[in-house]
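So the protein lines, in turn, are chains A and S. Mapping of the first sequence onto the working numbering: residues 1 to 340, in sequence order. Mapping of the second sequence onto the working numbering: residues 1 to 320, in sequence order. Have a look at the structure below, then the notes.
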Amino acid sequence: MDMKKYIGKRLFWAIISLFGLSLFIFYFGRIIPGDPIEMMVGPRTPDHVIENLRQSLALDRPLYIQYFIWLRNVFQGDLGFSIVTKRSVTTDVKTYLPRTLELITYAAAFQIVGSFLLGIFAGSNINKWQDHVIRIFSYIGVSIPAFVFAIIFQLTFAYQLGWFPVTGALTSGFAHPPEVTGFLGIDALLAGQFKTFINFVHHATLPAIALAIPGTAQVARMIRSGMITIKQKEYISMAKGFGLPERTIRFKYLLRPSIIPGVTVLGMQIAMMLGNAFLVEMVFRWPGFSRHAINAMLHSDLNTIVATVMIIGIMFAIINLVVDTIVAYIDPRIRYGGRS
Amino acid sequence: MADEDNEDKKIHEEGEEVEEKVEEIVEEREESPWKDALKRRWYRFSSNPLSLVGLAITIITIFLAIFGEYIVPYPSHGGLYHNYDAKFIQPFTNWKYPLGTDSMGRDVLTRTILGFRYSIRMAVVVLSLVVPSGVVVGLVAGYHKGTWIDTLLMRISDIFIAVPPLVLALSITAMLEPEPFYAMMAVSLMWWPWYARITYNNVSSISNEEFVRSAEIMGDSKIHIMFSEILPNCTGPILTKMTLDAGWVIIIGASLSFVGLGAQPPTPDLGTMVSGGSDYLPHHWQVSIFPAMAISFIILGFNLLGDGIQDAFEESGGGS
Chain A
1 MDMKKYIGKR LFWAIISLFG LSLFIFYFGR IIPGDPIEMM VGPRTPDHVI
51 ENLRQSLALD RPLYIQYFIW LRNVFQGDLG FSIVTKRSVT TDVKTYLPRT
101 LELITYAAAF QIVGSFLLGI FAGSNINKWQ DHVIRIFSYI GVSIPAFVFA
151 IIFQLTFAYQ LGWFPVTGAL TSGFAHPPEV TGFLGIDALL AGQFKTFINF
201 VHHATLPAIA LAIPGTAQVA RMIRSGMITI KQKEYISMAK GFGLPERTIR
251 FKYLLRPSII PGVTVLGMQI AMMLGNAFLV EMVFRWPGFS RHAINAMLHS
301 DLNTIVATVM IIGIMFAIIN LVVDTIVAYI DPRIRYGGRS
Chain S
1 MADEDNEDKK IHEEGEEVEE KVEEIVEERE ESPWKDALKR RWYRFSSNPL
51 SLVGLAITII TIFLAIFGEY IVPYPSHGGL YHNYDAKFIQ PFTNWKYPLG
101 TDSMGRDVLT RTILGFRYSI RMAVVVLSLV VPSGVVVGLV AGYHKGTWID
151 TLLMRISDIF IAVPPLVLAL SITAMLEPEP FYAMMAVSLM WWPWYARITY
201 NNVSSISNEE FVRSAEIMGD SKIHIMFSEI LPNCTGPILT KMTLDAGWVI
251 IIGASLSFVG LGAQPPTPDL GTMVSGGSDY LPHHWQVSIF PAMAISFIIL
301 GFNLLGDGIQ DAFEESGGGS
């Protein structure tokens, strides 16, 4: 099986999973007690209005037909109406999602650089002081939830030391750049507003670090233990016995296989940020999609909840696909399948 | 000559004695192979001080979770009690309230200790639901790798892995009711596939081992092979994951209550307290920081313990 076929297969199953997910979340949203119409309208709405609304939203049809109608609308870019913002969910997504993606990209950059540096450094200095310091850091990193980091960072670096802004994405007074891509950072650069860009990055730094740390610690640990495991393999001793150059052993035989679990977990951690962003955005009042979604959840806004699950699911699938590709590239065993 | 004969006899006798002793030991081990294995694992576990620290933290955590309400100074502060005269006492200033008080004058120390129970309950309920179900699914799918059983089971579990557990748990809880019970059910629904997956991966590599092949050739039943030949070889990773997961489940549970979809105030749930207290930052930091530290303390314990267990089950020990 070559790379293309392997990735094609993964893509196929990712799409099947997403359909499964949509089926699950749609049915789950419909079978729970509570009439969606009653949530949308006030208590004194006349019965015929309710009936009309029910018919126009096809809520009087069988569930599977409702599902297909919903699916058709989704493919046409219609995610329904939000009872919280009183506008279409698609508009909300367009407004809030770019802000979350920017935050996650920024955090992912911290995570990739941080985890590889720390992991390889610790794995190369096993049981020396550098290793112990990194281990303590990684224990702390793994054990403290992202929202606790967020609060501690906010308290220390924003409130007490004043190095970073406490909340928000831009200082009030900074005008939003003209919308081109929807991404604030990119739009600011395109418009040549470097001050706005710097201000934006300054606001994003604390939430991004808070978001990145738990995963960084986890991945660094995986890489470290990967290196320890591989170092004990017989083929490493054999390579040494053959007198292969230290460099070749280090990079080709030791590092490459030992980062595989790390890369898998790294991808998973970056994807998990989509979840943790929910908490970090709340602490820093970051005007992103996650904070908006939480607000919708607290108000039982069904359409927004379903849309959130599906959008996060799609992004999750994309990240996983990229990671699978990278891992298959590093580890030929996966490409060629296990048994046989 | 006689001397040499004597010496030979002596050596022979000594040899027999040693043999007898060895036999005794072997018999003893055969009688209690579990005890012996456990002893070795405990030795490996206890050789790392960090594992012992993890064990100690976990024991303290479980103790506080069970007996917390009997040892706290003000049991009534776990509920709707209020005393506005004593509100927002700073920590370490008043010996009556060592960690200060919150917006309603309730003792932060009392409420933090009471919070342990809710975190542990979350972990216990969720893990006891997800581990057996996930392991069985993974075992069956992994042993039938490449068949339609594998495809069906693992694809269904993929659906729940298609979204970060926190997001799906939040959404499901939001659709139901913001209550701890529904939060636990939602987290469980999201979590079993991870056990299916880890078991699956282990099983599918173990299935290639010689001893499984020999059992197959000997004509052992599938159930016997799955549960008696393969499963015991997966206990290490599963047990490790369980301990580490206890920490993760507690994080997810605390996160759910942090956003307002888990336990509701005045329940002394740690996540709820962190969230409620964050409104009073930076001046009254004690209200949210101490419960936050408690969450981290609990999770640290499970992580250290999990690593220790991992070391104990790994044959070569590793360096951690």
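For glycine and all other residues, C-beta sits at the position ideal for the given N, C-alpha and C. Predicted model, so just to flag it, every value in this text is computed and none were measured.
Top-ranked residue by Cα proximity to residue i, from the options
i	options	result
Thr58 (chain S)	S:Arg155, S:Asn303, S:Leu231	S:Asn303
Leu103 (chain A)	A:Phe284, A:Ile305, A:Met310, A:Val323	A:Phe284
Ser76 (chain S)	S:Val108, S:Ile62, S:Gln264	S:Val108
Arg135 (chain A)	A:Leu274, A:Arg221, A:Leu266, A:Phe26	A:Arg221
Ala37 (chain S)	S:Pro266, S:Val274, S:Pro232	S:Pro232
Val263 (chain A)	A:Ala204, A:Ala317, A:Thr325	A:Thr325
Val167 (chain S)	A:Gly275, A:Arg247, A:Thr216, A:Ser237	A:Gly275
Lys145 (chain S)	S:Ile159, S:Glu27, S:Phe45, S:Tyr200	S:Tyr200
Asp307 (chain S)	S:Val18, S:Ser47, S:Glu30	S:Ser47
Trp194 (chain S)	S:Ser205, S:Ala254, S:Ser133	S:Ser133
Val280 (chain A)	A:Pro207, A:Arg333, A:Ile260, A:Ser115	A:Pro207
Gly215 (chain A)	A:Glu51, A:Trp13, A:Val84, A:Ala107	A:Ala107
Lys252 (chain A)	A:Pro261, A:Met273, A:Ile230	A:Ile230
Thr205 (chain A)	A:Gly243, A:Leu190, A:Phe153, A:Ser237	A:Phe153
Leu155 (chain A)	S:Lys9, S:Ser207, S:Trp285	S:Trp285
Asp85 (chain S)	S:Asp279, S:Pro73, S:Gly100	S:Gly100
Phe164 (chain A)	A:His202, A:Pro332, A:Ala58	A:His202
Environment of residue i [buried if 16+ CB atoms lie within 10 Å]
i	result
Phe68 (chain A)	exposed
Arg87 (chain A)	exposed
Arg106 (chain S)	buried
His283 (chain S)	exposed
Ala109 (chain A)	exposed
Met218 (chain S)	exposed
His224 (chain S)	exposed
Ile51 (chain S)	Ile is not the amino acid found at residue 51 (chain S); the sequence shown has Ser there. Its Cβ being crowded by 16 or more others within 10 Å, Ser51 (chain S) is buried.
Asn303 (chain A)	buried
Glu210 (chain S)	exposed
Trp148 (chain S)	exposed
Trp42 (chain S)	exposed
Tyr181 (chain A)	At residue 181 (chain A) the sequence reads Thr, which differs from the Tyr that was named. Result: exposed.
Thr248 (chain A)	exposed
Asn320 (chain A)	buried
Gln76 (chain A)	exposed
His48 (chain A)	exposed
Glu14 (chain S)	exposed
Thr240 (chain S)	buried
Trp34 (chain S)	exposed
Gly173 (chain A)	exposed
Asp60 (chain A)	exposed
DSSP state of residue i mapped onto helix, strand, coil
i	result
Phe81 (chain A)	strand
Asp107 (chain S)	strand
Ser225 (chain A)	helix
Thr167 (chain A)	coil
Thr173 (chain S)	helix
Ser275 (chain S)	helix
Thr93 (chain S)	coil
Ser221 (chain S)	coil
Ser172 (chain A)	coil
Thr45 (chain A)	coil
Thr101 (chain S)	strand
Minimum Cβ-Cβ distance from residue i to chain B less than 8 Å
i	result
Trp285 (chain S)	In summary, chain B is missing from the structure at hand, where the protein chains are A and S.
Heavy atom of the ligand MN within 7 Å of residue i beta-carbon
i	result
Pro332 (chain A)	Ligands displayed in this structure: none; no statement on the ligand MN is therefore possible.
> What are the complete alpha helix (DSSP H) segments, minimum 4 residues, inside the segment 176-208 of chain S?
Replying inline: 180-206
> Can you list, in chain order, the stretches of the alpha helix (DSSP H) that have 4 or more residues and sit fully within the segment 293-332 of chain A?
Replying inline: 302-330
>> With a threshold of 8 Å, are at least 3 pairs of Cβ atoms found where one atom belongs to the segment 17-24 of chain S and the other to the segment 286-293 of chain A?
In response: no
>> Whether or not the segment 170-185 of chain S and the segment 134-151 of chain S are in contact is what I'm after, with contact meaning three or more pairs of Cβ atoms, one per stretch, closer than 8 Å; do they touch?
In response: no
> So, do the segment 4-14 of chain S and the segment 15-35 of chain A have three or more beta carbon pairs nearer to each other than 8 Å?
Replying inline: no
>> With three or more beta-carbon pairs closer than 8 Å as the criterion, would you say the segment 142-161 of chain A touches the segment 274-283 of chain S?
In response: yes
> Residue ranges of each alpha helix (DSSP H) run of no fewer than 4 residues wholly in the segment 40-94 of chain S, ordered along the chain?
Replying inline: 49-71
>> Tell me whether the segment 80-99 of chain A and the segment 188-200 of chain A touch, counting them as touching only if at least three CB pairs, one residue from each stretch, are closer than 8 Å.
In response: no
>> Quick test of the definition: if touching needs 3 or more C-beta pairs under 8 Å, does the segment 294-301 of chain S touch the segment 158-166 of chain A?
In response: no
>> Check whether the segment 182-192 of chain S and the segment 155-170 of chain S touch, using three or more Cβ-Cβ pairs below 8 Å as the test.
In response: yes
> Would you call the segment 239-256 of chain S and the segment 119-127 of chain A in contact, with 3 or more CB pairs under 8 Å?
Replying inline: no
> Fully enclosed by the segment 197-266 of chain A, which alpha helix (DSSP H) runs are 4 residues long or longer?
Replying inline: 234-241
> What alpha helix (DSSP H) runs, 4 residues minimum, are completely inside the segment 98-155 of chain A?
Replying inline: 129-143, 146-153
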